[in-house]
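>
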Amino acid sequence: MASFGWWKNRLNGWRKLSQSERQTFVLAVGLAGPVAISLRWRGLKATQRSIERLTPLARPKFATEEKIIALQTARLVERAVRPFGLKATCLSKSLLLWGLLRRQGLLSEVRLGVRRTAAGFEAHAWVEWNALVLNDRSDVRQRFKAFEGTGLPGVKA
-14 MASFGWWKNR
-4 LNGWRKLSQS
6 ERQTFVLAVG
16 LAGPVAISLR
26 WRGLKATQRS
36 IERLTPLARP
46 KFATEEKIIA
56 LQTARLVERA
66 VRPFGLKATC
76 LSKSLLLWGL
86 LRRQGLLSEV
96 RLGVRRTAAG
106 FEAHAWVEWN
116 ALVLNDRSDV
126 RQRFKAFEGT
136 GLPGVKA
């Protein structure tokens, strides 16, 4: 019966989503795997160009709705990849979020950073919209030193 409860919770969560949120969620589920595979086989620049083609920049939303849409989209991306066991990296999730935001008319930036650990270096990616960190904790800039300029539109390091 535990599995029935899991499905019931998922169905109730689905029902609470608006039509727009459902479309974004389905698109996130459908693109999560291909983005991860593309990153592995084709690299960052080629993957980003593909995402730009698949997610044309939409007309901007009303300013009062933009923050809500940006935060909702970040939550939907996380929800889309987690329950299906998709092994999405921070970079693939960030590129996916960046593309979905473009599709909704919101320009954001994928930030790339590194930090030194006992084992060496650790790299990380996250998305910022209007200096608001969307898919990580707000202190990510203190934990990771962001690179300066990558030459990729929409990607800041």
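Counting from -14, one number per residue, gives the positions in the sequence shown under our numbering.
Even glycine gets a Cβ: it sits at the ideal position worked out from N, Cα and C.
Predicted, not measured: the structure shown is a model, and the values here were computed from it.
1) If we ignore side chains and look at the alpha-carbon of each, how far apart do G18 and S35 end up?
2) Can you say whether T32 is buried or exposed, counting buried as having 16 or more other CB atoms within 10 angstroms of its CB?
3) Count the other CB atoms, across all protein chains shown, that sit within 10 Å of the CB of D121; report buried if there are 16 or more and exposed otherwise.
4) Spell out the partners DSSP gives A31 in its beta bridges.
5) Identify the continuous beta strand (DSSP E) that holds G98 and give its terminal residues.
6) In the DSSP assignment, find the alpha helix (DSSP H) that holds G90 and state where it starts and stops.
7) Measure the Cβ-Cβ separation of R100 and E107 and say whether it is below 8 Å.
8) Take the Cβ of S93 as the centre, count every other Cβ of all protein chains shown within 10 Å, and call the residue buried at 16 or more, exposed below.
9) Rounded to the nearest angstrom, what separates E51 and E113 at their Cα positions?
10) Could you check how far apart the C-beta atoms of T58 and L85 are, in whole angstroms? I think they sit under 8 Å.
11) Which residues in the same chain as R87 place their Cβ atom closer than 6 Å to its Cβ, once the five residues preceding and following it in sequence are excluded?
12) Take K78 and list the residues in its own chain whose beta-carbon comes closer than 7 Å to its own, dropping the five residues that flank it on each side.
13) How many Å lie between G98 and Q127 at the Cα?
Let's see:
1) About 14 Å.
2) With 16 or more Cβ atoms within 10 Å of its Cβ, T32 is classed as buried.
3) Buried is the call here.
4) Beta-bridge pairing links A31 to no other residue.
5) DSSP places G98 in the uninterrupted beta strand (DSSP E) bounded by 94 to 102.
6) Counting along the chain, G90 falls outside any alpha helix (DSSP H), and DSSP gives it neither H nor E.
7) Between R100 and E107, the gap from beta carbon to beta carbon is short of 8 Å.
8) S93 should be labelled buried.
9) Rounded to whole angstroms, E51 to E113 spans 13 Å at the Cα level.
10) About 5 Å; that satisfies the 8 Å criterion.
11) Leaving aside the five residues that flank R87 on each side, the residues in its chain whose CB is nearer than 6 Å to its CB run, in chain order, T40, L42.
12) Hits under 7 Å: V62, V66, N120.
13) The alpha-carbon atoms of G98 and Q127 are separated by roughly 10 Å.
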